[in-house]
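Colleague: Can you read through this structure? Questions will come right after.
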Amino acid sequence: MPQNEYMELHARRHGKRFDHDEVQRKKAARAPKKEAKMAKKLLGIRAKLFAEKRRKEKIQMKKAIKAHQEKLAKKKAPEEVPEGAVPSYLLDREGQNRAKVLSNMIKQKRKEKAGKWTVPLPKVRAQSDAEVFKEVKSGKRRNKSWKRMVTKVTFVGDTFTRKAPKYERFIRPMGLRFKKAHVTHPELKTTFYLPIIGVKKNPSSVMYTSLGVITKGTIIEVNISELGLVTQTGKVVWGKYAQVTNNPENDGCINSLLLV
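In the working numbering, the protein residues as written are 6 to 265.
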């Protein structure tokens, strides 16, 4: 039985009302004491890491407090020698210009917009050509090796037709072509099986992107029209980007996380 269910059952038995929010509030209130205790107990490298983590948290907190305190600010204009005579009533005035500080809401929106493309897997192992391509011998005596077979999962559009064997440089096997992917919505905590529109970027190589090779960390565009998401103007959102979080060639399916 999960912990919260057990607590709820225990509260009912004793004729009390279980309030999850109250439990969370108390937990948050106890957190500073717990952290202080940890700071005293830890030794060595763990103590250093813990202190660094707390320092970063404090910096973020100070930044947040400062952002809330910012208002319409008056700034002194740089001292310049005015040309010509200055009227007597302007002599005692300081040259000031008003610098309107951006509101917190606009700042927050900008942060959200900037953070939109922070991908779940920022660092991905680069795939070498030897891993992705397999050499295929051709010609009458099998001594020509200008053809390559793609050994990773690929995506090709519905209108794709293969070239004649004489002109085909890269072979993408039918068994490794995928048209749909499992896409997890991070806010809804739900996974959907959605059609792929295209491969936006494979971090390993531009050539892999053009070939539609899908490896771990690749950004793909998926059709989310069936999710029913709409923009502020009421238009249905058609395509969104998602990052592949597994090795599709090993698992036999594409798992990805939607970039909200």
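Even for Gly, the Cβ is constructed at its ideal location relative to N, Cα and C.
1) Compute the beta-carbon to beta-carbon distance between ILE229 and GLY239, rounded to the nearest angstrom, for a pair I have assumed lies under 8 Å.
2) For GLU231, which residues from the same chain have a beta carbon less than 8 Å from its beta carbon, with the 5 sequence-adjacent residues on both sides left out?
3) Is any heavy atom in the ligand ADP found nearer than 8 Å to the beta carbon of THR166?
4) Less than 6 Å between C-beta atoms, sequence neighbours within five positions excluded: which residues of the same chain meet that for ALA131?
5) PRO92 to ILE64, Cα distance in whole Å?
6) Are there 16 or more other CB atoms within 10 angstroms of the CB of SER266, so buried, or fewer, so exposed?
7) If contact is defined by three or more beta carbon pairs under 8 Å, each pair taking one atom from either stretch, is the stretch 162-171 in contact with the stretch 187-196?
8) Determine whether the beta carbon atoms of GLY217 and ARG174 lie at a separation below 9 Å.
9) Can you tell me where the alpha helix (DSSP H) with GLY49 in it begins and where it stops?
10) If you check the beta carbons only, do PHE183 and ILE259 fall under 9 Å apart?
11) Across which residues does DSSP place PRO200 in a beta bridge pair?
12) Name, in chain order, the residues that DSSP records as bridge partners for THR195.
13) Can you tell me which of the three DSSP states TYR246 falls into?
14) Roughly how many angstroms separate the alpha carbons of ARG74 and ALA41, rounded to a whole number?
15) Please state the DSSP three-state secondary structure of VAL129.
16) From the DSSP output, which residues share a beta bridge with LYS139?
17) Can you round the beta-carbon distance between VAL242 and ILE201 to whole angstroms, since I take them to be within the 8 Å contact cut?
18) Starting from the C-beta of ILE219, find all residues in its chain whose C-beta is less than 8 Å away, skip the five residues before and the five after it, and write them out in chain order.
19) When burial is assigned at 16 or more other CB atoms within 10 Å of the CB, is ALA247 buried or exposed?
20) According to DSSP, what are the bridge partners of ASN260?
21) Use the C-beta contact count for LEU193: other C-beta atoms within 10 angstroms, 16 or more gives buried, fewer gives exposed.
22) So, for LYS152: in the same chain, excluding its five sequence neighbours on each side, which residues have a beta-carbon less than 6 Å away from its beta-carbon?
23) For MET154, which of MET179, ASP163, THR164, LYS145 has the nearest alpha-carbon?
24) Please report the distance separating the alpha-carbon of ALA56 from that of ARG18.
25) Quick one: what does DSSP say LYS159 is sitting in, helix, strand or coil?
26) Helix, strand or coil, according to DSSP, for ILE111 in the structure here?
Modeller: On the basis of the supplied data:
1) With 8 Å as the limit, ILE229 and GLY239 do not qualify as a contact, their Cβ atoms being about 16 Å apart.
2) PHE197, LEU199
3) Ligands displayed in this structure: none; no statement on the ligand ADP is therefore possible.
4) Hits under 6 Å: SER209.
5) 48 Å
6) Here the chain covers residues 6 to 265 and nothing more, so residue 266 does not appear.
7) No, they do not touch.
8) For GLY217 and ARG174, no; Cβs fall outside 9 Å.
9) 49-74
10) yes
11) LYS185
12) Here THR195 is bridged, per DSSP, to HIS190.
13) strand
14) Before going on, a small fix: residue 74 reads as Gln here, not Arg. When rounded, the distance between both Cα atoms is 28 Å.
15) coil
16) Its beta-bridge partners are MET154.
17) With a Cβ gap of about 16 Å, VAL242 and ILE201 do not count as contacting.
18) LYS157, VAL158, THR159, PHE160, PHE183, VAL204, ASN207, ILE225, VAL249, PRO253, ILE259
19) buried
20) HIS187
21) LEU193 is exposed by the Cβ-count criterion.
22) Same-chain partners within the cutoff: VAL141, SER143.
23) Measuring C-alpha to C-alpha distances from MET154 to each of MET179, ASP163, THR164, LYS145 identifies MET179 as the nearest.
24) 42 Å
25) This sequence places Thr at residue 159; Lys is not what is there. Correct three-state label for THR159: strand.
26) Reduced to three states, the DSSP call for ILE111 is helix.
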